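Following: one structure in structure tokens, then a few remarks.
Residue numbers (full-length UniProt numbering), protein chains in the order written: chain A, 1 to 205; chain B, 1 to 508.
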């Protein structure tokens with residue numbers, strides 16, 4: 001197995017399920033025999049985005065919420081590249097939601113992986129677009145007032161032909177399998193991955 | 001007459017600008033020079049739209065404010081104090097079956113009054129409107145009517161009928177320049193007055209081999225262009241102040257990671273939505289200081305249509321050479337006024353490609369965090385200091401190497417020096433025409449500011465600053481960077497440009 005790990009040791013919390021996504025993505029790239037020369041990974045800002053430092057591939061650690069348009073620009077300029085986005089629910093469904101919708105409408109051939117822990121965890125636990133209604137977080141001590149986004153339904157409503165799937169880090173083999181399917185798919189794909197924040201997510205349980 | 005100014009006025013939707021450009025084509029073909037200016041309110045239909053064109057056997061740098069001849073295409077559009085010609089347009093258009101022919105009838109009348117060649121003019125009308133046979137007919141009606149009802153108002157005849165190149169506005173000229181400089185990715189969200197660049201490049205994307213896209217908002221525009229640049233494209237965007245505000249985080253991103261993108265900003269009066277269809281030079285300081293953090297960028301300002309073309313390829317080359325954001329500041333006057341420029345396809349243009357690592361050429365992390373040589377995030381004090389210095393040092397190289405700095409007009413021994421940037425150039429050149437007391441320095445690279453500028457300005461005793469804004473922004477920059485004080489400052493900030501005669505009076 002070719003090693004895709006960089007020299008940097010991951011700094012995620014012990015027991016963080018981001019490790020599952022990290023391992024699954026590497027496994028999927030290797031299983032799908034993707035030539036590293038043709039691969040670009042664009043990372044959002046957030047815990048999962050810190051994977052930028054931990055992989056030895058051509059990467060872009062973009063701005064918060066702007067991973068999708070950065071990836072779209074790369075793909076439009078260089079269509080033969082395999083372009084993957086790695087982000088969290090804050091960046092992709094919050095700050096960058098309009099970009100996600102636009103990319104889905106364009107049905108552009110990029111793969112968007114979202115580590116969805118229903119929180120802003122890098123900033124120590126505020127409400128995100130997928131936090132359940134009523135949940136108490138550091139920024140919503142009286143409970144969240146908004147209803148959460150339902151990513152699968154939202155993207156299907158925008159583009160019924162888009163590839164959308166929801167998996168959970170509780171079942172790592174399914175995550176790898178789903179990433180492989182997404183990488184194989186031509187056109188836009190969104191993989192929403194349930195991921196528990198071990199440090200700040202207890203309030204959601 | 002040495003020069004004549006014709007103004008066509010009427011409500012939106014009557015083809016005023018289209019008729020104006022037709023007239024520009026006819027006078028150019030006849031060997032004349034012209035400069036034009038149009039005013040239109042930010043309305044969908046109705047309102048008071050005007051197009052005016054100053055025609056002369058000598059080069060015209062800026063249209064005159066006062067018209068010698070006014071054509072009102074419908075009642076209510078007459079202006080006071082003008083030599084008003086009452087053409088019974090409504091009766092004549094009825095003959096042809098529509099009000100839309102009023103503009104072509106007027107062109108026929110104007111051509112007779114200016115004593116232009118009838119057949120040449122009519123041929124251009126025929127070619128301009130394509131299949132519709134009623135336009136040449138309308139032209140004849142106007143010509144005939146003027147022949148019996150109007151007086152000739154001749155301009156001095158042309159002596160040298162040389163090649164006058166192509167007629168275009170600044171948006172189109174800039175688009176041509178981008179193409180000649182090797183631009184192959186262009187993104188824009190529509191915003192007056194820069195939308196013309198998008199229209200022009202979208203129409204020519206296959207011919208030019210440029211990928212042209214209109215993303216969901218200006219944030220996406222700027223980040224897509226940055227992504228394209230990372231992927232190896234020569235990328236550019238176009239917008240106005242409000243759109244550029246949304247792009248600012250990407251300007252900073254480009255500065256951090258070293259990915260060059262050209263930002264064309266067609267200024268219009270702000271703040272906020274402001275006056276979309278009018279003009280100002282209000283975003284100089286905003287551009288120079290755009291993007292949070294400290295990093296190198298370049299700000300250029302073309303002064304006329306020819307320089308819009310020049311800035312097109314110059315900016316894309318600079319963005320690729322230094323891998324930094326390059327902002328090109330135009331305004332409504334440059335964007336939407338037309339002139340004849342040297343054929344944009346002619347002339348040798350250098351094409352510089354970025355040397356940065358792109359996908360396939362190596363492994364690298366383009367990182368918006370502070371990073372080390374491989375791109376990995378770091379908070380190390382030494383690397384942070386070095387990274388900051390490396391990003392800023394690009395400015396020193398630009399100042400050392402680049403020669404695209406300024407234009408100087410007039411004599412070095414003149415008593416007064418006028419200093420300006422951007423579209424005020426036209427009115428200034430008109431105002432100082434034949435006046436040996438006045439020299440003029442037009443700054444083209446506004447950031448970083450080259451020391452040569454200081455040398456030239458300080459060699460003059462009387463220094464006059466001219467800016468189309470309220471706060472003398474270039475003056476502030478020159479004072480803070482070079483300690484330059486002006487003896488006189490001439491400002492205008494009512495949404496209108498400086499016109500030759502009014503500026504001449506201000507400069508006395």
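By construction, the Cβ of each residue, glycine as well, lies at the ideal position given by its N, Cα and C atoms.
As the structure is a computational prediction, the values presented were derived from the model and not from experiment.
By DSSP's assignment, residue 447 (chain B) forms a beta bridge with B:299.
Assignment of residue 486 (chain B) by DSSP, reduced to helix, strand and coil, places it in the coil class. If you check the CB distance, residue 2 (chain B) and residue 156 (chain B) come in under 8 Å. For residue 110 (chain A), the secondary structure class from DSSP, reduced to helix, strand or coil, is strand. Contact between the region 69-83 of chain A and the region 378-396 of chain B is absent: fewer than 3 CB-CB pairs across the two stretches fall below 8 Å. When the beta-carbon positions are compared, residue 204 (chain A) and residue 167 (chain A) stay at least 8 Å from each other. By the CB criterion at 8 Å, residue 162 (chain A) and residue 107 (chain A) fall inside the cutoff. Collapsing the DSSP output to three states places residue 50 (chain B) in a strand. With fewer than 16 neighbouring CB atoms inside 10 Å of its own CB, residue 139 (chain A) falls in the exposed class.
Listed along chain A, the residues sitting closer than 7 Å to residue 249 (chain B) by beta-carbon distance are 63. Nearest in C-alpha terms to residue 59 (chain B), of all of B:351, B:347, B:341, is B:341.
Residue-level contact check: residue 239 (chain B) does not touch chain A, since none of the beta carbons of chain A fall below 8 Å from its beta carbon.
Flagged as an interface residue toward chain B: residue 81 (chain A), by a C-beta distance shorter than 8 Å. Remark: three or more beta-carbon pairs, one from each stretch, lie closer than 8 Å, so the region 320-339 of chain B and the region 257-273 of chain B are flagged as touching. Listed along the chain, the chain A residues whose CB falls inside 7 Å of the CB of residue 508 (chain B) amount to none; the nearest CB is some 52 Å away. Between residue 190 (chain B) and residue 333 (chain B), the gap from beta carbon to beta carbon reaches 8 Å or more. For residue 166 (chain A), the enclosing beta strand (DSSP E) has its first and last residue at 163-168. Counting only Cβ-Cβ distances below 9 Å, residue 124 (chain A) has no contacts in chain B at all, with the closest Cβ about 18 Å away. Fully enclosed beta strand (DSSP E) runs of no fewer than 3 residues occupy 406-409, 416-421 of the region 391-431 of chain B, in order along the chain. Proximity of the region 37-54 of chain B to the region 5-15 of chain B meets the contact definition, three or more beta-carbon pairs being nearer than 8 Å. DSSP places residue 464 (chain B) in the uninterrupted beta strand (DSSP E) bounded by 462-467.
Ranked by Cα distance from residue 469 (chain B), the options B:5, B:281, B:372 are led by B:281. Between residue 58 (chain A) and chain B, the shortest Cβ-Cβ separation is below 8 Å.
98, 99, 102: these are the residues of the region 95-121 of chain A whose beta carbon lies less than 7 Å from some beta carbon of chain B, given in chain order.
Within the model, the alpha-carbon separation for residue 362 (chain B) versus residue 194 (chain A) is close to 33 Å.
Annotation: residue 90 (chain A) to residue 23 (chain A) spans about 22 Å, alpha carbon to alpha carbon. With a beta-carbon spacing of about 5 Å, residue 111 (chain A) and residue 189 (chain A) fall inside the 8 Å limit used to define contacts. Under the DSSP assignment, residue 340 (chain B) falls in the beta strand (DSSP E) whose first and last residues are 338-341. For residue 224 (chain B), the chain A residues whose Cβ falls inside 8 Å of its Cβ are 69, 70, 72, 73, 76, in order along the chain. Look at the region 165-223 of chain B and you find these whole runs of alpha helix (DSSP H), each 4 residues long or longer: 170-180, 195-203, 205-208. Interface residue (Cβ-Cβ distance to chain B less than 8 Å): residue 33 (chain A) is not classified as such. For chain A, the residues of the region 368-390 of chain B that bring a beta carbon within less than 9 Å of one of its beta carbons are 368, 369, 371, 374, 375, 376, 377, in chain order. When C-beta distances to chain B are compared with 7 Å, the residues of the region 7-27 of chain A below that value are 8, in chain order. Just so you know, the alpha carbons of residue 170 (chain B) and residue 277 (chain B) end up roughly 15 Å apart. Judged by DSSP secondary structure, residue 18 (chain A) falls within the alpha helix (DSSP H) whose first and last residues are 18-31. Taking a cut-off of 8 Å on C-beta distances, the region 286-297 of chain B does not touch the region 351-362 of chain B, as fewer than three cross pairs fall below it.
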